[in-house]
Amino acid sequence: MNGWFDKHRSETAFLVTGSARLDYYRKGGDSLVGRFHYHRLHPLSLREAGCGVADLLRFGGFPEPFVKGQERFHRRWLREVSARILHDDLRDLERVREVTQLELLLHHLPACVGSPLSANSLGRLLQVSHASIERWLAMFERLYLVYRIEPFGAQRIRAVRKERKLYCWDWSRVAARGPRFENLVASHLLKYCHAIEDAEGHAMELRFIRDTDKREVDFVVIRDGRPEFAVECKTGEREPAPACRYFRERTDIPAFYQVHCGSRDEGDAWSGTRIVPFDRFCTELQLP
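When we follow the working numbering, the leftmost residue of the sequence shown carries the number 3, and every step to the right adds one.
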């Protein structure tokens with residue numbers, strides 16, 4: 003294929019799609035620098051699905067269970083995907099033997115969404131070392147089961163440095179409504195970051211703000227080292243979170259949004275905190 007492309011590059015284009023296995027296979031062999039562009043494919047977003055937040059929250063953003071729209075099918079699909087990853091992909095790509103413990107870890111992780119993740123606590127739960135938990139989490143990340151985001155540090159706040167937060171690529175794995183909505187928002191923002199990074203080449207990051215006094219804002223989007231906006235998630239139409247005002251006064255983040263599942267829309271993201279329905283937020287910021 004390399005020779006064909008080099009000879010006919012002006013008249014030929016290839017679109018190659020695949021699973022997480024491509025991430026493993028593209029690390030070896032001939033260099034393809036200058037011959038291809040890598041784009042990460044995400045679950046369906048609100049704009050792509052053409053539905054309300056409730057429907058996307060219920061069945062997740064993977065096309066098969068979303069289009070089917072049946073609880074029974076969704077439950078079976080989740081079980082079958084987990085089994086295939088644990089017993090096929092991990093065995094073939096990572097050559098692991100601790101399948102039972104990995105299954106327990108995968109079952110527990112959705113309950114960790116929305117809070118700083120402690121590898122030490124997970125290690126005590128599964129009676130394994132901190133190093134084993136980190137290694138297994140890295141495996142799950144490479145197989146697009148979960149992803150983790152880093153804290154955002156600013157000079158005028160006592161920001162946490164080491165804690166990370168974990169989210170599932172399939173937010174429908176998360177049982178509690180509040181964390182599931184936060185996971186859905188995280189996935190949309192990560193998709194926004196990856197789309198800009200893959201298409202335009204900017205260095206994009208998704209982070210969160212948390213200080214040592216446990217004040218927290220759920221997300222900060224960063225472009226080329228500078229924050230673009232911050233987002234706090236609430237399922238209900240509440241008043242602006244006090245943490246938004248606190249961090250707005252002490253950081254150089256230019257805009258703060260508080261997104262929710264209702265219809266209330268008020269405030270100013272640039273001078274205060276804009277309270278806005280999440281679907282409207284996605285439309286106005288042109289999230290993919």
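Backbone N, C-alpha and C fix where the C-beta goes; we use that ideal spot for every residue, glycine too.
Query                                                                                                                                                            : Result
Out of W272, V233, V223, D200, state which residue places its alpha-carbon closest to the alpha-carbon of Y40.                                                   : D200
Taking 7 Å as the line, does the beta carbon of G52 fall inside it for any heavy atom of the ligand ADP?                                                         : The ligand ADP is absent from the structure shown, which contains no ligand whatsoever.
With a cut-off of 8 Å on the beta carbons, I'd call R147 and W171 a contact; round off their distance for me.                                                    : Per the sequence shown, residue 147 should be read as Leu rather than Arg. Confirmed, about 6 Å.
What are the start and end residues of each continuous alpha helix (DSSP H) run of 4 or more residues lying completely inside the region 30-109, in chain order? : 48-51, 55-61, 65-70, 73-86, 92-95
Would you be able to state if there are at least three C-beta pairs under 8 Å between the region 111-125 and the region 84-100?                                  : no
For C284, which option in H190, D226, R182 has the closest C-alpha, if you only look at C-alpha atoms?                                                           : H190
Considering only the alpha carbon of each residue, which of E143, L139, D215, P67 lies closest to S120?                                                          : L139
Counting only runs that start and end within the region 190-253, where is the alpha helix (DSSP H) found for 4 or more residues in a row?                        : 244-252
Taking a contact to mean a Cβ-Cβ separation below 8 Å, would you say V219 touches C195 in this structure?                                                        : no
Here's a check: name, in chain order, each residue in its chain whose Cβ is nearer than 8 Å to the Cβ of L208, leaving out the five neighbours to either side.   : I151, A188, L191, L192, C195, F221, V222, V223, I224
Select from F61, L92, D90 the residue whose C-alpha is nearest the C-alpha of L2.                                                                                : No statement about residue 2 is possible, as the shown extent of the chain runs from 3 to 290 and does not include it.
With a CB to CB cut of under 7 Å and the five nearest residues on each side skipped, what residues in its chain are close to I87?                                : L145, L147
Answer with buried or exposed for N185, where buried requires no fewer than 16 other C-beta atoms within 10 angstroms of its C-beta.                             : buried
Do I211 and A197 have their C-beta atoms closer together than 8 Å?                                                                                               : no
Taking R126 as the reference, which of M141, L107, P118 has the closest Cα?                                                                                      : L107
Considering just the uninterrupted stretch of the beta strand (DSSP E) at R150, what are its terminal residues?                                                  : 148-153
Considering Cα atoms alone, identify which of R166, L48, A161, E241 is closest to Y149.                                                                          : R166
If I measure Cβ to Cβ from A243 and keep anything under 6 Å in the same chain, skipping five residues before and after, which residues do I get?                 : E234
Quick one: grab the DSSP three-state call for I277.                                                                                                              : strand
Just mark R49 as buried or exposed, buried being the case when its beta carbon has 16 or more other beta carbons within 10 Å.                                    : exposed
For C114, does the three-state DSSP call read helix, strand or coil?                                                                                             : helix
What are the boundary residues of the alpha helix (DSSP H) that L139 is part of?                                                                                 : 132-144
Who are the Cβ neighbours of W272 in its own chain at under 6 Å, not counting the five residues just before and after it?                                        : A257
Looking at the unbroken alpha helix (DSSP H) that takes in R160, where does it start and where does it end?                                                      : Unbroken run through R160: none, as it is neither H nor E.
Specify, as a first and last residue, the run of the beta strand (DSSP E) that R166 falls within.                                                                : 166-170
Between the alpha carbons of D215 and L168, how many angstroms are there, rounded?                                                                               : 20 Å
Do A51 and L43 have their CB atoms nearer than 8 Å?                                                                                                              : no
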